[in-house]
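Structure, as C-alpha cells:
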Amino acid sequence: MSDQQKTPSADQLKVGIAGLGTVGTGVIKIISQQADILRQRTGRDIVIKGVSARDPKKLRDVDLSAFEWFGDPMRLAREADIDIYVELMGGADGIALASVEGALKRGVDVVTANKALMAAHGTRLAQVAEENNAVLAYEAAIAGGIPIVKALREGLAGNGIDRIYGILNGTCNYILTTMEKTGRPFKDVLADAQDQGYAEADPSFDIGGIDAAHKLSVLAALAFGRAVDFDAVYVEGIERIGAEDIAYASEFGYRIKLIGAAKRTAHGIEQRVHPCLVPLDTPIASVDDVYNAVVVEGDAVGQATFEGRGAGEGPTASAVTADIADIARGLRLPTFSIPAAELAPAQASPMEHHEGAYYLRLNVLDKPGVMAAITIILAEAQVSIASIIQRGRSTEEAVPIVILTHETREAVMMAALDKIRAHEAVMEEPHVIRIETF
Ligand SMILES: NC(=O)c1ccc[n+]([C@@H]2O[C@H](COP(=O)([O-])OP(=O)(O)OC[C@H]3O[C@@H](n4cnc5c(N)ncnc54)[C@H](OP(=O)(O)O)[C@@H]3O)[C@@H](O)[C@H]2O)c1
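Residue numbering for the sequence shown follows my numbering, starting at 402 and increasing by one per position.
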C-alpha cells in the first residue's frame, strides 16, 4: 500500500471492486470521468483502493495501475482498507456470496449488480447487513439503468403497491422485436443477437425467463415488503414463440412481450414471468429492442412507468455508481425498505388461480368436424371464444387454427388444453400464450 492509500481521510470514500468485466470496467470509467461531479454531489472523493478479477494479465480498457490488485476477492472483501465492497463478478453462490457476506460481516457496505445472488440469498443477506450496520445496495441488479429500486424505496414510499410488472430482460425484448421487424424465426435471431453481443454464449437464463424471474422476485420483495421468494415465480421463456405467433398477435391488435408481473391476490402473491400478448395501445407494447420498462401501480400515485436501457456497460455502471454515491452521501436505507426482521415469507398464489385470457395456436388436420370438436371442448370447459382465425386448405398437411379466448381461470384452460392435445387431429403441442390486460 502507498502512503497516500494508508492516509485516512474523512472526505474519502474508499472503494474495492471485485469483477472487472463489462460492468466493473464501466464503473471504473464513470468514477474517474465523473470525479468532479461526484465530489460536488456527494461532498466526498470516491477513491478506488483495490480491484480484483481472475486474470491479472488480461488486457482491459481501463488503467488499473493506481489500484492495488487482489488475486483473491475474499481478501479484498475481508481485509482491505475499504468502505464499500463492489461485487461485480456474478453467480448466485460461490465467491460472490462468500465475499459479499464477508464484507457485510465486518460492517463494510456492499454494492452489487448480481440479481442471481439477490434472488437466492437477498433476504438473508439483508439480515446480515442489518446486524452489522452495513448497507446492501443492488440498484444495478434490476432493469439496469432504470432507478427502480430508488423509486420504490424512496419516491413511492407513501404508496401501498398492489401490482408491479414490466419488461425485465433486454435480450428477450431485442429478440422478440427483431422477430417482429424481420419475420425471421427465433433461432436465427438468437444467433444474430449472440454475434452482436446482445445475448450471452449460454443464453438459457435470458431466453428461459430465469433472469427476469430473478429480478421480479427481488422487485416483489421490495414492493410488497416480503421475503424474496424466487421459487414461487412461475417461469416460461420465449423459446416456443414463432414468427407466425407475432404476426397473428398483430392481426388481433397485440404485440408479444416477455412480461414479469407480481401482484397481491386473494390467494396470496402471484409472481410470474412468461410471454404475453399485450394490447398495442398500452405503453409497454411500444418498449422495443434492449429497452426495459417497469410499471408500478400505487394506491396514491396510480400507474407510474419507468423505461430505460436494461443492461450494458453504461446503464449498469450508472446504477452501480448511483448506489456508491448514495452511500457517500450517508443514505443508509434498509435493503428491502423495511427492517430485515420484518420480511416475512408471503403466501404464494399458485398459477392455477391465475385469471386471464389466452391465445391458442393449434396445428390441426384439415378435416371436417375438427374445428367443431375444438370449440366444443372449450365450450364444455366454459371457456368462451373471443375470436378465431382459420387459414389454408390442405388434405395432407396440418393447418393452423388460432383462437383468442375470453378471461378464464388457468386451471380451467389447462384442463381444456389436455383434451385438445389428446384430439387425434391436433398435430403438435399447442402454442399457448397468455393475454395481459393492464
Ligand atoms: N453486463 C450487463 O449488462 C449486466 C447488467 C446487469 C447486471 N449485470 C450483473 O453484473 C455482474 C457482472 O456482469 P458482467 O457482465 O460485468 O460480467 P463479466 O463481463 O463476465 O465480468 C465478470 C468479472 O468477474 C471476474 N470474476 C469472475 N469470477 C471470479 C473469481 N472467482 N475471482 C475473481 N474474479 C472473478 C472476471 O474476471 P476476469 O476478467 O479475469 O475473467 C470478470 O472480470 C453479474 O452479476 C451480472 O449479472 C450485468
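Even for Gly, the Cβ is constructed at its ideal location relative to N, Cα and C. On a predicted model such as this, the values are computed, not experimentally measured, just so you know.
Residue pairing for serine 750: DSSP places it in no beta bridge. Nearest neighbour of threonine 513 by Cα position, chosen from Thr722, Met752, Ile549, Trp470, turns out to be Thr722. Inclusion of isoleucine 608 and leucine 591 in the CB contact set at 8 Å is warranted, their separation being smaller than that value. As the crow flies, the alpha-carbon of alanine 436 is around 15 Å from that of arginine 730.
Here DSSP, grouped into helix, strand and coil, assigns histidine 675 to strand.
Looking at the DSSP output, arginine 564 sits in a beta bridge with Lys664, Glu698.
For the 8 Å CB-CB criterion, valine 487 and valine 428 form a contact. If the five residues before and after leucine 414 are omitted, its C-beta is found closer than 6 Å to the C-beta atoms of Arg445, Ile447, Asp484, Ala729, all from its own chain and listed in chain order. By the Cβ criterion, the region 564-571 is in contact with the region 533-547, since at least three pairs of Cβ atoms, one from each stretch, lie closer than 8 Å. Restricted to the region 508-563, the beta strand (DSSP E) segments that are unbroken, complete and at least 3 residues in length are 510-513, listed in chain order. In this structure, the CA atom of methionine 815 is about 15 Å from the CA atom of leucine 805. With a cut-off of 7 Å, the C-beta of aspartate 456 is classified as near ligand 1, since at least one heavy atom of the ligand falls inside that distance. Residue environment: methionine 519 is assigned as buried (16 or more neighbouring CB atoms within 10 Å of its CB, all protein chains considered). In this structure, Pro680 is the residue among Ala521, Pro680, Leu489 with its C-alpha nearest to the C-alpha of arginine 835. For the region 452-494, the continuous alpha helix (DSSP H) assignments of 4+ residues that do not extend past its boundaries occur at 474-479, in sequence order. Residue nearest to tyrosine 649 within the set Gly472, Asp456, Val803 is Val803 (criterion: CA-CA distance). Taking a C-beta distance under 8 Å as the contact criterion, phenylalanine 839 and isoleucine 685 qualify as a contact pair. Within the chosen limit of 7 Å, ligand 1 reaches the beta carbon of asparagine 515 through at least one heavy atom. Short note on proline 474: C-beta closer than 7 Å to some heavy atom of ligand 1. One alpha carbon belongs to glycine 598, the other to glutamate 640, and they sit about 19 Å apart. Residues Tyr635, Arg673, Glu811 of the same chain have their beta carbon placed closer than 7 Å to that of methionine 752, with the five preceding and five following residues left out of the count. Unbroken beta strand (DSSP E) runs of no fewer than 3 residues, entirely contained in the region 756-801, are found at 756-766, 786-791, following chain order. Shortest Cα-Cα distance from glycine 638 to any of Leu577, Arg627, Asp819, Gly770 involves Leu577. According to the DSSP secondary-structure assignment, phenylalanine 707 is paired through a beta bridge with Val695.
Under DSSP, histidine 832 forms a beta bridge with Arg762. In the structure shown, the three-state DSSP call for isoleucine 657 is strand.
A distance criterion of 7 Å places the beta-carbon of isoleucine 496 in contact range of ligand 1, judged by its closest non-hydrogen atom. Contact check for isoleucine 660 against glutamate 837 passes: the beta carbons are separated by less than 8 Å. Taking alanine 594 as the centre and dropping the five residues before and after it, the same chain places the C-beta of Thr572, Tyr575, Ile576, Ala600 closer than 7 Å to its C-beta, in chain order.
Alanine 621 places its beta carbon 8 Å or farther from that of alanine 552. For glycine 715, the enclosing alpha helix (DSSP H) stretches over residues 714-730. According to the DSSP assignment, glycine 425 belongs to the alpha helix (DSSP H) that extends over 423-434. A distance below 6 Å between beta-carbons, with the five flanking residues on each side excluded, links isoleucine 789 to the following residues of its chain, in chain order: Ile804. In terms of Cα proximity to alanine 504, the closest of Ala493, Ala521, Gly492, Asn534 is Asn534.
Excluding sequence positions up to five before and after glycine 495, its CB lies less than 6 Å from no other CB in the same chain. The alpha-carbon separation between lysine 430 and arginine 440 amounts to approximately 15 Å.
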